[in-house]
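In what follows, a single structure is set out as structure tokens and then discussed.
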Amino acid sequence: MKAKESILPLLKSSLRIAGDEDDDMLKLIVDASWDHVKSMIGIRDQFFEENESFKLAVLQQATNNFLNRASSSDINLFDTKYGMQSSVLHLKAQYQIWEAKNGETE
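Residue 34 in this note's numbering sits at position 16 of the sequence shown, with consecutive numbering throughout.
In structure tokens, the structure reads:
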């Protein structure tokens with residue numbers, strides 16, 4: 019199972035969603051969250067594929083996106099931003115170390 023595909027069952031479990039009625043929307047949320055978190059860190063796919071910290075950050079972002087998906091609300095109903103910020107800062111440092119070891123930069 020690819021890294022991105024492994025997030026959907028985790029997201030459904032953490033949100034306590036048993037059925038598959040929302041799977042298309044959840045896949046869209048996971049894809050958008052993956053791209054969003056990745057854009058804050060770096061561009062080299064090899065870093066992200068098996069990185070558990072990255073998966074957690076995507077899961078946090080996807081959970082926040084799902085819980086705050088109402089387009090008519092002007093406030094976040096469920097705030098997970100502080101955990102997300104910590105995850106991104108941690109991943110940025112990991113990414114810089116990984117790039118230095120792999121000899122290429124963006």
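A virtual CB, placed ideally from N, CA and C, is assigned to each residue, including glycine.
All of these numbers come straight from a predicted model, not from anything done at the bench.
Can you have a look at M43 and say buried or exposed, based on whether 16 or more other CB atoms are within 10 angstroms of its CB?
Locating residue 43 in the sequence shown gives position 25, counting from the first residue. So M43 counts as exposed.
D53 (DSSP reduced to helix, strand or coil):
In the sequence shown, counting from the first residue as 1, residue 53 sits at position 35. Three-state DSSP puts D53 in a helix.
Report yes if the CB atom of P77 is closer than 7 Å to the CB atom of L107, and no otherwise.
Position 59 of the sequence shown holds residue 77. Position 89 of the sequence shown holds residue 107. The sequence shown places Leu at residue 77, not Pro. Contact: no.
Consult DSSP for I39 and reduce its assignment to one of helix, strand or coil.
Counting from one through the sequence shown, the residue named residue 39 turns up at place 21. Per the sequence shown, residue 39 should be read as Glu rather than Ile. In this structure, E39 counts as coil in the three-state DSSP scheme.
What number of angstroms, rounded off, separates the C-alpha of F72 from the C-alpha of L46?
The count along the sequence shown starts at 1 and reaches residue 72 at position 54. The count along the sequence shown starts at 1 and reaches residue 46 at position 28. Looking at the two C-alpha atoms, the distance is approximately 18 Å.
With burial defined as no fewer than 16 other Cβ atoms inside 10 Å of the residue's Cβ, what is the status of N82: buried or exposed?
Taking the first residue of the sequence shown as position 1, residue 82 is located at position 64. Under this definition N82 is a buried residue.
Exposed unless 16 or more other CB atoms sit within 10 angstroms - verdict on Q114
In the sequence shown, the residue the question calls residue 114 occupies position 96. That one is exposed.
Tell me whether Q64 is buried or exposed, calling it buried when 16 or more other Cβ atoms sit within 10 Å of its Cβ.
One-based indexing of the sequence shown puts residue 64 at position 46. Counting Cβ neighbours within 10 Å, Q64 comes out exposed, since fewer than 16 surround it.
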